[in-house]
Structure formats: structure tokens, C-alpha cells
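In what follows, a single structure is set out as C-alpha cells and then discussed.
Residue numbers (our numbering): 5 to 266.
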């Protein structure tokens with residue numbers, strides 16, 4: 005055995021291993037700092053990419069070190085590939101959530117603080133990780149949803165726009181003066197400062213002739229943060245205004261006819 009050559013191989017392996025470990029940490033830090041440098045980029049995503057790059061470099065370094073000692077790395081690479089395939093099949097659900105998490109962090113259909121409806125759940129987003137998204141419902145119940153469920157379904161983001169349109173329908177009886185009903189609705193709209201004239205002015209129209217009512221539809225724009233408060237206020241105020249002005253809101257009635265037995 006050529007001990008000199010063997011010693012040189014050991015020194016070379018140590019040098020390669022040290023360089024690989026140093027380089028992997030350096031590359032990981034550079035990727036993480038890139039995420040910190042630009043506030044519009046997601047830090048979690050770059051942390052994941054940094055860790056992925058680090059372990060990829062370490063794996064490559066180990067293969068090169070083994071090659072220094074005459075180990076057949078081709079077979080080793082094939083073995084690692086087979087093992088990776090087996091692990092991937094066993095963890096396909098987890099990997100699916102991971103892939104979905106990466107896509108969510110890249111395309112950003114929502115962010116922390118947004119109120120969304122996704123994956124059959126709705127609530128305010130508290131945290132978006134690589135595997136799950138945590139949201140809190142309106143009654144303060146936290147829900148953890150796998151990212152795969154969110155990415156595979158439609159996502160409705162109620163917070164992404166500054167304004168929302170509120171649509172409400174009010175029915176009046178057929179005997180009602182429609183002009184008086186429209187005036188009452190416009191008076192209620194005009195008294196609320198939360199209703200905006202942009203991107204469109206308030207709309208009040210007769211939208212349907214129902215079985216027992218003439219239906220008015222109103223469409224108004226408001227700030228997204230005012231949507232629910234305005235909706236509840238409008239429902240109450242319109243009812244009170246109709247009562248004050250003698251405008252009847254019809255409701256279903258049932259007539260029972262009783263026949264006397266002969």
C-alpha cells in the first residue's frame with residue numbers, strides 16, 4: 005500500500021469536506037440574506053431554499069469525498085435515487101403539501117392578516133408555513149389547513165382590495181308606491197358616510213317581480229373594513245325607515261280552510 009498516496013487522499017478528502025461544509029453554509033446564508041434584503045419577498049421561502057441548497061451541497065461533497073477513496077459513486081448515486089423515490093412515495097402527501105406551500109409563498113394569493121376562504125375553510129390568516137396555513141375564524145377558532153388542500157381549490161381573498169360592493173335585496177308589497185320605496189332607500193343610502201361614490205355610484209333598481217313582493221336591489225360600494233358593519237346597519241335602518249313611512253314588507257302567510265264533516 006502506498007501510504008503517501010493514501011495520506012494525500014485523506015488530506016484531500018478532509019479539505020474537500022471542509023470546503024463543502026463551509027461553502028454549503030455560505031450559500032445558505034447568502035440565499036437567506038437575499039430574502040431579508042427585499043421586503044417584498046417571503047423570508048420563509050428563502051429560508052427553505054437556503055436549507056435545500058445547503059443539504060444538496062453537503063450530499064455532493066460526501067459523494068466527491070467517497071470518490072477520493074475509490075468508492076464507485078455511480079452505484080451510490082443510483083442507490084440514493086432509489087431511496088429518494090421510496091421516501092417520496094411514502095411521504096407523497098407531505099411532499100404535496102410542501103410543494104403547495106412553496107407555490108403559495110411564490111405566488112402569494114394571500115398574506116398574513118387577510119380574510120380568505122380556501123380549502124373549505126374561512127378565516128383570517130395568522131401564519132403561512134411550508135406545510136400548513138393557520139387561520140382564525142370570525143368566532144376566534146383557529147384552524148390549521150394543509151397547504152395541499154388550499155392550492156388544489158379556489159381561493160377567495162376578501163381583503164386584497166380596498167373596497168367591496170354590498171348587494172342587498174328588499175321586497176315591498178305590490179300595493180306600495182314604488183317611487184316612495186325607492187326614495188326611502190336612497191335616503192338611507194345618502195345618510196351613511198361609509199357608502200362611496202367610487203368606483204360606482206349607488207344603484208337602486210326594481211330587480212324582480214316575485215310571487216308576493218316587488219324586489220328592490222341596492223348596490224353600494226364601501227371600504228372592505230366597513231363591509232359587515234354597513235350590511236348589518238343597512239338591514240336594520242331600511243326596516244325602520246319602511247315602518248316609519250308605512251311601506252309594507254310582505255312576508256309568507258298560510259291560509260287554512262277547515263271543512264266541517266257531514
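The beta-carbon is built from N, C-alpha and C at its ideal position, and this holds for glycine as well. Computed from a prediction, not measured in an experiment: that's the story for all the values here.
Review point. Start and end of the beta strand (DSSP E) containing residue 220?
Key: 218-227
Problem - Residue range of the alpha helix (DSSP H) that includes residue 165 - result: Counting along the chain, residue 165 falls outside any alpha helix (DSSP H), and DSSP gives it neither H nor E.
Under 8 Å, do residue 191 and residue 163 count as touching if we go by C-beta distance?
No.
Under 8 Å between the Cβ atoms of residue 208 and residue 186?
yes
Practice problem: Measuring only between beta-carbons, confirm whether residue 18 sits less than 8 Å from chain B. | Solution: Among the chains in the structure shown there is no chain B, since it carries only a single protein chain.
- prompt: Hey, would you say residue 241 sits closer than 8 Å to residue 173, going by beta carbons?
  reply: no
Taking C-beta to C-beta, are residue 140 and residue 130 nearer than 8 Å? yes
Residue 231 versus residue 151 - alpha carbon distance | Between residue 231 and residue 151, the C-alpha separation is close to 28 Å.
Exercise. Leaving out the 5 sequence neighbours to the left and right, which residues in its chain are closer than 6 Å to residue 161 when beta-carbon positions are compared?
Worked result: 114, 118 and 120
> Considering residue 213, what are the terminal residues of the beta strand (DSSP E) in which it resides?
Replying inline: Membership of residue 213 in the beta strand (DSSP E) is indicated by the continuous run 207-213.
Look at the alpha carbon of residue 8 and the alpha carbon of residue 67, and state the distance between them as a whole number of angstroms. Annotation: residue 8 to residue 67 spans about 23 Å, alpha carbon to alpha carbon.
Residues near residue 14 by beta carbon distance below 6 Å, same chain, minus five either side: none
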